[in-house]
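>
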Amino acid sequence: MYTPQEEKKLIEESKKLLNISIKDIKDKQTAKELAHKLRDIINYHDWRYYVLANPVISDYEYDKLFKLLKDIEQKYPELITPDSPTQRVASGLTKEFPQVKHLSPMLSLENSYNEEDLKEFDKRVREITGIEIVEYSVEPKFDGAGIALVYENDLLVRGATRGDGIVGEDITPNIKTIKTIPLSANFSKYGIKTIEIRGEVLMRKDVFKKLNEKRLEEGLPPFANPRNAAAGSLRLQNPKEVAKRKLEAFVYQITYAVDFKDNNLLGTKIKTHYDSIKMLYELGFRTPLKEMKVCKGIQEVIEYCKEWEEKRDSYPYEIDGMVIKVNDLSLHEKLGFTSHHPRWAIAYKFKARQATTKIIDVVFQVGRTGAVTPVAKLEPVEIGGVIVSSVSLINEEFIKEKDIRIGDLVLIERAGDVIPYVVKVIKEARTGKERPIVFPKNCPSCGSPLVKPPDEAVYRCININCPAQVVERIAYFASKDAMDIRGLGKSIVKRFYELGFLRKIPDIYRLPYDKIKHLEGWGEKSVENLKKSIEESKNRPIYRLITGLSIRYVGKVTAKKLSEYINCVEELKNWSTEDLEKIPDVGYVVAKSIYDFFHNEENLKTIYELKELGVKTCKQHKETKLSVFEGKTFVFTGTLKCCSREKAQELIESLGGHTTNSVSKKTDYLVVGENPGSKLEKAKKLGINILDENQFLNLIKPYVKELENLGNYEDKKIDLPLFRN
Ligand code: IVH
138 MYTPQEEKKL IEESKKLLNI SIKDIKDKQT AKELAHKLRD IINYHDWRYY
188 VLANPVISDY EYDKLFKLLK DIEQKYPELI TPDSPTQRVA SGLTKEFPQV
238 KHLSPMLSLE NSYNEEDLKE FDKRVREITG IEIVEYSVEP KFDGAGIALV
288 YENDLLVRGA TRGDGIVGED ITPNIKTIKT IPLSANFSKY GIKTIEIRGE
338 VLMRKDVFKK LNEKRLEEGL PPFANPRNAA AGSLRLQNPK EVAKRKLEAF
388 VYQITYAVDF KDNNLLGTKI KTHYDSIKML YELGFRTPLK EMKVCKGIQE
438 VIEYCKEWEE KRDSYPYEID GMVIKVNDLS LHEKLGFTSH HPRWAIAYKF
488 KARQATTKII DVVFQVGRTG AVTPVAKLEP VEIGGVIVSS VSLINEEFIK
538 EKDIRIGDLV LIERAGDVIP YVVKVIKEAR TGKERPIVFP KNCPSCGSPL
588 VKPPDEAVYR CININCPAQV VERIAYFASK DAMDIRGLGK SIVKRFYELG
638 FLRKIPDIYR LPYDKIKHLE GWGEKSVENL KKSIEESKNR PIYRLITGLS
688 IRYVGKVTAK KLSEYINCVE ELKNWSTEDL EKIPDVGYVV AKSIYDFFHN
738 EENLKTIYEL KELGVKTCKQ HKETKLSVFE GKTFVFTGTL KCCSREKAQE
788 LIESLGGHTT NSVSKKTDYL VVGENPGSKL EKAKKLGINI LDENQFLNLI
838 KPYVKELENL GNYEDKKIDL PLFRN
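Mapped onto my numbering, the consecutive letters of the sequence shown carry residue numbers 138 to 862.
This is how it looks when you write it as structure tokens:
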């Protein structure tokens, strides 16, 4: 934590240093002083950006300061300190993670599932302590990977996984890449020489979603949930790769402190759990301080837990419950521990998003790239309000690893907006009648032999004319992520394919409407609607067309990046793999795939055919951004009635504005939909313009034809165009 004066000074100094380059530094003494100053400044900006999510300088300015520090350290390597922000990402690979004994055992928590359990816990606490109304601090139970951090003489010396609770794995190089974990902290101010802190490494839900989208594009198996993604990322051998995963960490418990009076937190100003978390917060850690509530008595605890259970979906991180801790630290000693958990804390687990059900059958689906995925058909079961009747079994390895068989009782989890997955097989319920899952040798759609490339985990059908693949590719072209043709879903594509109306992508633009209107389930009106949405799709931004082409490894994210570098899709035929590799995040494999795609006659023919049929393959004036909202930053919170958040964001961007996901001083407008999140409070505090949905629509009205004659928009679904027309 910084005082306002300190912040002012750091910001002023940042500005001054922006004009300095390595050439201006003539002697080592100046370099030393400057490096020291830069470290303080960069640590401050990291804290603003990563802990507070509220930066005060631009990324460009930050990069400049960081580069100056790097340049100084390169010129005078003897000036490098172990806690320099440049030392976060080590080069080279970590061959293995050494085993380390935790300073204090990493115990678990006792679980509770309802009010009665919590009342029972409170009763026990009251009996042991003799206190009538106990004060509890209540905080989220983060669903990530548990870690233990050790600081010695103010320096982070170790970060370890939980392991078996006694011995964990030393993953320090990976832990250091997490920017919410300070590399040094002023514990000596509190008289602490050695301290062990526990926390959780997490991946934000939106980061997780993007990571999985990218993995799927790359033909890699997706992570089942943010917890697995965080845990898996922490064990990568290359810290550079870990740094790319955008991990974050919350710390929530001091478990060991030497030289603190009596070897614990007592006898100092820190008398409560809340104070200990506040101390960590003030030392620069990310803590659940804001999420935490000190409650008097168990009834208040119960209410707070329920409040969080309601809003867990809108919280950016996965949480699976709340943790209730006796607030007064002197009572912790009185209550003590069992061999499994502390008696001064309990977890209140939210209603499970898990259920057990039976696998009735396994079918094999052929995707648009020919990958064959096993899908288990389940006895339908409700999980968190949604009926789940099938679940992907990912690939053969997954099936082998979990030993999944047809007829098995399995535990299914569906976390937040994550797709359901099989956690485990309940082997105890086996009857002996379960059948092994046999992978087909031939494509279930076209019968051609399946192949398994040696470096891949999936079987593929390599017949590009395979009907299942063709249907998937056409349906993907029309999907929401690509050309967004409403009314042309997979089942309709399949029907039109079987009828011979749709054999390849360009056929979409020459559908025989006069025949379709006579089909069962179709009529004048529905044909009119389909025709309209197909017509509209001709003017989509080009990244949507690129996405729709099903180029391997190129999904929406990469397509968007690519489109920034070109004017027309067909230009890509002139790009070499070297040119392509210069685009951020495009590596050799992706570049080669794009290159191959645009050097295939059939593919080029498809693009030219689409062009002839009226599909825009070049950026239009709408895509060369308008400047109405030039320099203005919009943030959205809550659900809009008119349209999806994505559409609203795209529209703002097409009008020259900028959209981000978090509120900061730089935000110009916060657009508030239903059930807004914490962004609203923050925007109010910062005095940012707040627009309700109606005001937002009024603001963009002059530029959007669809809004012209609508009068009062309240509660109306509006078909916003992706770009002004
Ligand atoms: S306190 C000595 N607080 O939940 C007690 N644990 O199921 C230390 N967890 O192993 C634990 N959020 O990894 C605590 N706010 C929180 C937590 C939390 C998540 C994890 C932790 C623990 C597991 C128990």
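The C-beta atom is built at its ideal place from N, Cα and C for all residues, glycine as well.
Got a sec? Which residues, its chain only, sit under 8 Å from Ile265 by beta carbon, not counting five neighbours each side?
Locating residue 265 in the sequence shown gives position 128, counting from the first residue. Same-chain partners within the cutoff: Lys471, Leu472 and Arg480.
> I'd like to confirm something about Pro591: is its beta-carbon nearer than 7 Å to some heavy atom of the ligand IVH, or not?
Walking along the sequence shown from the start, residue 591 turns up at place 454. Checking the Cβ of Pro591 against the ligand IVH gives no.
> Which residue or residues does DSSP assign as beta-bridge partners of Asp829?
By 1-based counting over the sequence shown, the position of residue 829 is 692. Paired residue(s): Val809.
> CA-CA distance, Lys326 and Pro591?
Numbered from 1 along the sequence shown, position 189 holds the residue referred to as residue 326. Numbered from 1 along the sequence shown, position 454 holds the residue referred to as residue 591. Cα to Cα, the separation comes out at about 57 Å.
> Can you name, in chain order, every residue of its own chain whose Cβ lies under 7 Å from the Cβ of Phe487, other than the five neighbours on each side?
The residue you call residue 487 lines up with position 350 of the sequence shown. These residues qualify, in order along the chain: Glu446, Arg449, Asp457 and Gly458.
> Contact defined as beta carbons within less than 8 Å: I believe Asn464 pairs with Tyr411. What is the distance between those atoms, to the nearest angstrom?
Within the sequence shown, the letter at position 327 stands for residue 464. Within the sequence shown, the letter at position 274 stands for residue 411. Sure, about 6 Å apart at Cβ, within 8 Å.
> Using DSSP with H/G/I as helix, E/B as strand and the rest coil, what is Leu128?
The question about residue 128 has no answer, for the chain in this structure spans 138 to 862.
> Thinking C-alpha only, which one of Asp805, Pro517 and Glu428 is nearest Gly814?
Looking up residue 814 in the sequence shown gives position 677. Checked all of Asp805, Pro517 and Glu428; the closest Cα to Gly814 is Glu428.
> From Glu657 to Cys603, what distance separates their C-alpha atoms?
Mapped onto the sequence shown, residue 657 falls at position 520. Mapped onto the sequence shown, residue 603 falls at position 466. Whole-angstrom Cα-Cα distance: 27 Å.
> Hey, how far is the Cα of Asn400 from the Cα of Tyr393?
Numbered from its first residue, the sequence shown carries residue 400 at position 263. Numbered from its first residue, the sequence shown carries residue 393 at position 256. With a pLDDT of 45 at Asn400, under the threshold of 50, the predicted position of this residue should be treated as unreliable, and no value is reported.
> Buried or exposed, going by whether 16 or more other CB atoms sit within 10 Å of the CB of Cys705?
Taking the sequence shown and counting its residues from 1, one reaches residue 705 at position 568. Exposed, by the Cβ-count rule.
> Cβ atoms of Tyr702 and Thr714: under 8 Å apart, would you say?
In the sequence shown, counting from the first residue as 1, residue 714 sits at position 577. In the sequence shown, counting from the first residue as 1, residue 702 sits at position 565. Cβ atoms of Thr714 and Tyr702: not closer than 8 Å.
> Report yes if the C-beta distance between Leu546 and Thr506 is below 8 Å; otherwise report no.
What you label residue 546 is simply residue 409 of the sequence shown in a count that begins at 1. What you label residue 506 is simply residue 369 of the sequence shown in a count that begins at 1. Taking 8 Å as the Cβ cut-off, Leu546 and Thr506 do not qualify as a contacting pair.
> Can you list, in chain order, the residues of its chain with a C-beta nearer than 8 Å to that of Lys698? Leave out the 5 residues immediately preceding and following it.
Reading the sequence shown from its first residue, position 561 is the one you call residue 698. If we look at Lys698 and ignore the five residues flanking it on each side, its Cβ neighbours are Ile720, Pro721, Asp722 and Val723.
> When the Cα of Ile622 is compared with those of Leu206, Ser674, Gln491 and Val338, which residue comes out closest?
Along the sequence shown, read from residue 1 onward, the residue named residue 622 stands at position 485. Measuring from the Cα of Ile622, the nearest candidate turns out to be Ser674.
> Could you give the first and the last residue of the continuous beta strand (DSSP E) run that contains Leu293?
The residue given as residue 293 occupies position 156 in the sequence shown. Leu292 to Thr298 is the extent of the beta strand (DSSP E) around Leu293.
> My output table needs one value for Asn711: the three-state DSSP class, helix, strand or coil.
Reading the sequence shown from its first residue, position 574 is the one you call residue 711. Correct three-state label for Asn711: helix.
> Give, in chain order, every unbroken run of the alpha helix (DSSP H) that is at least 4 residues long and sits entirely within the region 205 to 288.
Fully enclosed alpha helix (DSSP H) runs of 4 or longer: 252 to 266.
> Using only the heavy atoms of the ligand IVH, determine whether one of them is closer than 7 Å to the beta carbon of Glu276.
Within the sequence shown, residue 276 is the residue found at index 139, counting from 1. Yes, the beta carbon of Glu276 sits closer than 7 Å to at least one heavy atom of the ligand IVH.
> What are the start and end residues of the beta strand (DSSP E) that includes Lys462?
What you label residue 462 is simply residue 325 of the sequence shown in a count that begins at 1. Note, Lys462: beta strand (DSSP E), Ile456 to Val463.
> Going by DSSP in three states, His795 sits in which element: helix, strand or coil?
Residue numbering aside, residue 795 sits at position 658 when the sequence shown is read from its first letter. It is a strand residue.
> Looking only at its chain, what residues have a beta carbon closer than 6 Å to the beta carbon of Val560, apart from the 5 residues adjacent to it on each side?
For the purposes of this step, residue 560 is taken as residue 423 along the sequence shown, with counting starting at 1. If we look at Val560 and ignore the five residues flanking it on each side, its Cβ neighbours are Leu548 and Glu550.
> Please find out if some non-hydrogen atom of the ligand IVH comes closer than 7 Å to the beta-carbon of Ser527.
Numbered from 1 along the sequence shown, position 390 holds the residue referred to as residue 527. Checking every heavy atom of the ligand IVH against the Cβ of Ser527, none is found closer than 7 Å.
> Please list the terminal residues of the continuous beta strand (DSSP E) segment that includes Cys432.
For the purposes of this step, residue 432 is taken as residue 295 along the sequence shown, with counting starting at 1. Per DSSP, Cys432 belongs to the beta strand (DSSP E) from Lys430 to Lys433.
> Quick one: residues in its chain with C-beta nearer than 6 Å to the C-beta of Ala484, no 5 flanking neighbours on either side, listed in chain order?
To locate residue 484, count along the sequence shown from 1; it is residue 347. Excluding sequence neighbours, Ala484 sits near Leu246, Asn248, Lys278, Gly458 and Val460.
> When burial is assigned at 16 or more other CB atoms within 10 Å of the CB, is Val181 buried or exposed?
As a position in the sequence shown, residue 181 is number 44, starting the count at 1. Looking at the sequence itself, residue 181 is Tyr, so the reference to Val does not match. Buried is the call here.
> Taking DSSP as the reference, what is the three-state secondary structure of Arg597?
Here residue 597 refers to the residue found at position 460 of the sequence shown. Note: Arg597 maps to strand in three-state DSSP.
> Could you give the DSSP three-state label for Leu800: helix, strand or coil?
By one-based count along the sequence shown, residue 800 stands at place 663. Looking at the sequence shown, residue 800 is not Leu but Val. Note: Val800 maps to coil in three-state DSSP.
> Thinking Ala615 and Val503 are a contact (beta carbons under 8 Å), I'd like their distance in whole angstroms, please.
Here residue 615 is taken as the residue at index 478 of the sequence shown, counted from 1. Here residue 503 is taken as the residue at index 366 of the sequence shown, counted from 1. The pair is not a contact, with the Cβ atoms about 18 Å apart (cut-off 8 Å).
> Consult DSSP for Pro557 and reduce its assignment to one of helix, strand or coil.
Here residue 557 refers to the residue found at position 420 of the sequence shown. In this structure, Pro557 counts as coil in the three-state DSSP scheme.
> Comparing the CB of Ser585 with every heavy atom of the ligand IVH, is any distance shorter than 7 Å?
Counting from 1 along the sequence shown, the entry for residue 585 is found at position 448. Flag unset: Cβ of Ser585 not near the ligand IVH.
> For the pair the region 260 to 274 and the region 327 to 335, tell me if three or more CB-CB distances fall below 8 Å.
The answer is no - the region 327 to 335 does not touch the region 260 to 274, with fewer than three Cβ pairs under 8 Å.
> Can we say the region 267 to 286 touches the region 195 to 207, given the rule of at least three CB pairs closer than 8 Å?
The region 267 to 286 is not in contact with the region 195 to 207.
> In this structure, how does DSSP classify Cys580 when only helix, strand and coil are distinguished?
Stepping through the sequence shown from its first residue, residue 580 is reached at position 443. In this structure, Cys580 counts as coil in the three-state DSSP scheme.
> Determine the burial state of Leu371: buried for a count of at least 16 other Cβ atoms within 10 Å of its Cβ, exposed for fewer.
To locate residue 371, count along the sequence shown from 1; it is residue 234. Looking at its Cβ environment, which holds 16 or more other Cβ atoms inside 10 Å, Leu371 is buried.
> Determine the extent of the alpha helix (DSSP H) in which Val664 is found, giving its start and end residues.
Taking the first residue of the sequence shown as 1, we reach residue 664 at position 527. Per DSSP, Val664 belongs to the alpha helix (DSSP H) from Glu661 to Ser674.
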